[in-house]
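So the mapping is simple: this note's numbering equals the position in the sequence shown, first residue as 1, plus 978. All residues carry an ideal CB built from backbone N, CA and C; glycine is no exception. Single-structure report; data block below.
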Amino acid sequence: MAKEMKIVVFMLGRDEYGVEVEKVKTIERMMPITRVPKTYDFIKGVINLRGVVIPVIDLRGRFGLPEEEATDQTRIIILAHAELEVGFIVDNASDVMDINEEDIEPAPEVVGGIQAKYLRGVAKIGEDRLLIMLNLAEVLNRGEIVKFEQPEA
979 MAKEMKIVVF MLGRDEYGVE VEKVKTIERM MPITRVPKTY DFIKGVINLR GVVIPVIDLR
1039 GRFGLPEEEA TDQTRIIILA HAELEVGFIV DNASDVMDIN EEDIEPAPEV VGGIQAKYLR
1099 GVAKIGEDRL LIMLNLAEVL NRGEIVKFEQ PEA
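Pasting the structure below:
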């Protein structure tokens, strides 16, 4: 029997992406981001979320997509992966859905300009809907992202 997964669906432009709901800690409205010097352009800085400093990545920049101005629909998805909490800026986050793991196919080399290494695969939803599943290990652990350590209390 196929394993069902709960997926948080978010948008970048007209494309739908997904991450496993168990990796998502919270989804926040856009908030002020403090820039951190000497980091890659796609690392927008840090936010203070209820007393916790969290690095924030612009997924558009990470994937080499054109930058867009934030709107009232822009969200920061806070994810926890491999002992790292990080926020992803997305155009909107609007849905949670169940998909079967067997509906996820390997990603082609490039999907919408995004290299396959960042993708877990592409899920077919119904007849005409595709959901691009992120490979969080690659998006977050490329050695380019500085892990912000909190001092021990």
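Which first and last residues belong to the alpha helix (DSSP H) in which residue i is found?
i	result
V1117	1114-1118
Distance, Cα to Cα, residue i vs residue j?
i	j	result
K1016	K1001	28 Å
D993	V1030	31 Å
M1075	I1110	13 Å
K1125	L1118	Per-residue confidence for K1125 stands at a pLDDT of 46, beneath the threshold of 50, marking its modelled position as unreliable; no derived number is given.
E998	V1064	15 Å
V1068	R1038	8 Å
I1005	D1050	14 Å
P1033	E1047	19 Å
L1043	T1012	22 Å
E1083	D1019	31 Å
G1099	L1027	31 Å
I1054	I1021	13 Å
L1062	M983	22 Å
T1052	R1007	7 Å
M1009	I1025	8 Å
For residue i, which residues of its own chain have a beta-carbon under 8 Å away from its beta-carbon, when the five flanking residues on both sides are left out?
i	result
A1115	H1059, A1060
V987	E994, Y995, G996, A1071, S1072, D1073, V1074, M1075, L1109
L990	L1037, R1038, F1041, L1043, V1068, D1069
R1107	E994
K1095	N1113, E1116
E1045	D1036, R1038, G1039
I1077	E982, M983, I985, G996, A1101, I1103, L1109
Once the 5 residues before and after residue i are set aside, which same chain residues still bring their CB inside 6 Å of it?
i	result
K981	E1079
I1056	K1003, T1004, G1065
Tell me residue i's beta-bridge partners as DSSP assigns them.
i	result
T1004	I1056
G1029	Note: G1029 sits in no beta bridge, so no partner.
T1012	V1024
V997	V986
Within the continuous beta strand (DSSP E) that includes residue i, where are the two ends?
i	result
I985	982-990
Give me, in chain order, the residues of the same chain whose beta-carbon lies closer than 7 Å to that of residue i; leave out the 5 immediate sequence neighbours on both sides.
i	result
L1097	A1085, V1089, I1110, M1111, L1112, N1113
G1023	I1011, T1012, R1013, V1014, V1034
D1081	A1101, K1102
Any heavy atom of the ligand COA closer than 8 Å to the Cβ of residue i?
i	result
K1022	The ligand content of the structure shown is nil, which means the ligand COA is not present either.
- Task: Report the residue ranges of all alpha helix (DSSP H) runs contained in full by the segment 1034-1113; include only those spanning at least 4 residues, in chain order.
- Result: Listed in chain order, the complete alpha helix (DSSP H) runs (minimum 4 residues) inside the segment 1034-1113 are 1037-1040.
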